[in-house]
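Residue numbers (my numbering): 7 to 489. C-beta atoms are modelled at their ideal positions from N, C-alpha and C, and glycine is treated no differently.
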Amino acid sequence: MTSLKVKSEARQLEEKRLEERKKGALVLIIAHLLDFGYHDAASRLQAESGVQLTEWEPADNIDLMTILQEYEAYFQLKFNGKRPKFMRRLGQGEKSKHQTRSIRSAPSEKPVKDVKPPVETTTTAAARTNVAKGPLSTLSQLKLVIRREDSLSLDNEMSPSIGLVGKATGAIKSSAVTPKVNHDEVPVKPVNDDNYYERKLLKPMPAEQRELAAMITRDIYLESPNVRWVDIAGLESAKRLLTEAVVSPVKYPELFKGTETNLYSLNIAGILQPWKGLLLFGPPGTGKTMLAKAVATECNTTFFNISASTLVSKWRGDSEKLIRTLFELARYHKPSTIFLDEIDAIMTQRGEEGGEHEASRRMKTELLIQMDGLSKSDDLVFVLAVSNMPWSLDSALLRRLEKRIFVPLPNHEARAGLVKSLLPKDIAPDLPYEEIATMTEGYSGSDLKVLCKESAMIPLRRLLKKLEENDKSIPERPVMDPL
């Protein structure tokens with residue numbers, strides 16, 4: 007067990023370093039483009055990657071040219087003076103591996119506005135001068151550490167921060183929108199480095215899919231919903247199944263791939279693959295959406311909060327493209343969770359009486375195809391669906407949602423705990439919680455919340471009534487006419 011935990015922590019640390027390395031490389035490339043006057047290319051790269059130089063900048067004494075120079079010195083020292091080759095000329099008829107996927111099919115785009123070159127501070131300019139003139143340092147001393155831009159003002163005062171709460175309303179933009187890169191702007195307050203939701207880089211999409219990807223990316227959680235498992239009263243079975251479906255495969259993938267199953271005499275290849283789909287169903291107000299928020303908080307995965315309005319489009323063929331783009335982004339940002347709230351709004355039975363529109367049928371088929379592809383791959387992409395009417399869902403969808411969990415009404419203990427959390431003893435010391443739990447049998451969690459809110463409003467109404475009576479008893483001051 008200890009070795010599994012050590013492997014899990016080491017793998018998570020390596021994944022974190024890989025993400026930081028990717029982001030660091032992008033920051034260095036963008037700074038290099040701006041330093042050499044490629045402003046349009048730098049602005050397009052920032053728009054496509056989501057990495058902005060208003061939030062990040064290269065660390066002191068580091069740039070792309072310095073890294074290449076250091077590598078040349080290291081290579082010559084290792085191979086007895088032989089110089090490294092960074093590029094080679096293509097032969098006749100030979101195609102580059104890194105050629106753009108489809109240049110001819112790219113749609114026409116609006117011209118990109120010019121971006122002002124970054125204004126260097128005195129310290130940064132002096133540091134770069136020292137790097138250019140000073141001797142080469144050893145490769146081991148070269149640290150690619152990208153730091154947050156605290157402040158570029160001369161007095162080094164901290165500026166007030168403007169936090170983004172909620173979803174990624176502007177995380178990715180079309181290439182026609184050009185972000186302004188100006189180092190004189192007031193910097194954003196640094197966010198805690200442990201925030202998982204800001205680690206993901208945006209997937210570089212083809213030009214024809216950028217607008218669709220922007221619509222999907224707006225539904226990625228950037229900040230935690232701050233709902234923990236302990237905040238949910240009862241539902242222990244649902245919490246346990248969600249943990250083993252989402253958390254455990256990410257923390258201990260060896261147990262689900264058959265590599266470590268001999269420890270438990272489970273020498274069956276493939277039978278322990280993680281769940282790919284899970285359906286939460288039950289009466290409204292029982293905490294199904296709250297469970298999904300707890301998944302987003304507790305399970306360090308990229309969380310796609312998808313509603314029916316995100317996937318349904320009035321343009322022919324766009325709904326299928328949106329679904330395909332959604333699953334492509336989920337695979338790119340794996341491990342990821344796709345949360346489909348009220349899935350019965352888009353995935354009812356096909357071929358129902360009264361006829362079904364062709365566009366709706368195509369959209370359902372595309373979703374089923376994409377979900378079927380998840381079950382045949384090892385990508386850690388998990389589909390979490392919620393419905394109040396499971397009997398109206400398509401049977402093919404139910405087959406792909408392997409695990410189905412009924413979320414019942416809260417029992418006696420859960421009702422008492424919920425009332426105690428909403429009306430604690432310091433507010434109502436003599437409240438009979440057990441008696442209230444007995445009297446509210448058949449209430450959902452939402453009903454109990456409304457009940458507690460209504461109870462808390464009773465003394466507030468008495469106070470408001472007294473305030474209104476006092477206002478009426480005070481004589482009004484005479485209004486004098488202006489001279």
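Could you give the first and the last residue of the continuous beta strand (DSSP E) run that contains residue i?
i: residue 5; result: Any question about residue 5 goes unanswered here, given that the chain covers just 7 to 489.
i: residue 310; result: 308 to 312
i: residue 283; result: 283 to 287
i: residue 410; result: 409 to 412
Which residues mark the beginning and the end of the alpha helix (DSSP H) in which residue i is found?
i: residue 349; result: It is not in any alpha helix (DSSP H) - residue 349 carries neither H nor E in the DSSP assignment.
i: residue 423; result: 418 to 428
i: residue 257; result: 254 to 257
i: residue 293; result: Segment: none, residue 293 is in no alpha helix (DSSP H) and carries neither H nor E.
i: residue 13; result: 8 to 41
i: residue 338; result: 324 to 338
i: residue 444; result: 439 to 445
i: residue 45; result: 45 to 55
i: residue 241; result: Counting along the chain, residue 241 falls outside any alpha helix (DSSP H), and DSSP gives it neither H nor E.
With distances taken Cα to Cα, identify the nearest neighbour of residue i among the options.
i: residue 254; options: 447, 280, 342, 427; result: 280
i: residue 243; options: 409, 404, 342, 23; result: 409
i: residue 418; options: 436, 435, 406, 445; result: 445
i: residue 412; options: 379, 288, 372; result: 288
i: residue 216; options: 252, 291, 324; result: 324
i: residue 53; options: 426, 240, 220; result: 220
i: residue 319; options: 366, 355, 310; result: 366
i: residue 224; options: 321, 305, 331, 238; result: 331
i: residue 67; options: 450, 34, 252, 15; result: 34
i: residue 404; options: 282, 86, 424; result: 282
i: residue 92; options: 75, 458, 238; result: 75
i: residue 380; options: 414, 356, 51, 344; result: 344
i: residue 462; options: 12, 14, 430; result: 430
i: residue 448; options: 414, 27, 100, 376; result: 414
Verify whether the separation of the beta carbon atoms of residue i and residue j is less than 8 Å.
i: residue 383; j: residue 303; result: no
i: residue 297; j: residue 286; result: yes
i: residue 370; j: residue 395; result: no
i: residue 372; j: residue 326; result: yes
i: residue 10; j: residue 348; result: no
i: residue 32; j: residue 57; result: yes
i: residue 387; j: residue 342; result: yes
i: residue 428; j: residue 472; result: no
i: residue 398; j: residue 291; result: no
i: residue 222; j: residue 72; result: no
i: residue 337; j: residue 378; result: no
Whole angstroms is fine: what's the gap from residue i's alpha carbon to residue j's?
i: residue 460; j: residue 362; result: 44 Å
i: residue 18; j: residue 258; result: 10 Å
i: residue 350; j: residue 246; result: 25 Å
i: residue 389; j: residue 308; result: 12 Å
i: residue 249; j: residue 299; result: 13 Å
i: residue 432; j: residue 295; result: 29 Å
i: residue 442; j: residue 293; result: 20 Å
i: residue 421; j: residue 232; result: 22 Å
i: residue 95; j: residue 55; result: 28 Å
i: residue 80; j: residue 89; result: 10 Å
i: residue 46; j: residue 236; result: 49 Å
i: residue 36; j: residue 69; result: 10 Å
i: residue 426; j: residue 439; result: 7 Å
i: residue 416; j: residue 240; result: 7 Å
i: residue 465; j: residue 437; result: 15 Å
i: residue 43; j: residue 65; result: 20 Å
i: residue 234; j: residue 40; result: 43 Å
i: residue 25; j: residue 339; result: 11 Å
i: residue 23; j: residue 30; result: 10 Å
i: residue 62; j: residue 458; result: 46 Å
i: residue 406; j: residue 321; result: 27 Å
i: residue 401; j: residue 103; result: 44 Å
i: residue 277; j: residue 434; result: 52 Å
i: residue 329; j: residue 311; result: 13 Å
i: residue 49; j: residue 218; result: 20 Å
i: residue 468; j: residue 16; result: 59 Å
i: residue 356; j: residue 21; result: 42 Å
i: residue 424; j: residue 60; result: 44 Å
i: residue 374; j: residue 346; result: 13 Å
Based on the DSSP output, what are the partners of residue i in its beta bridges?
i: residue 391; result: 285, 346
i: residue 80; result: Paired residue(s): none; residue 80 is not in a bridge.
i: residue 226; result: 310
i: residue 217; result: None; residue 217 has no bridge partner.
i: residue 317; result: Paired residue(s): none; residue 317 is not in a bridge.
i: residue 399; result: 354
Is any beta-carbon of chain C found at less than 8 Å from that of residue i?
i: residue 373; result: Included in the structure is just one protein chain, with no chain C present.
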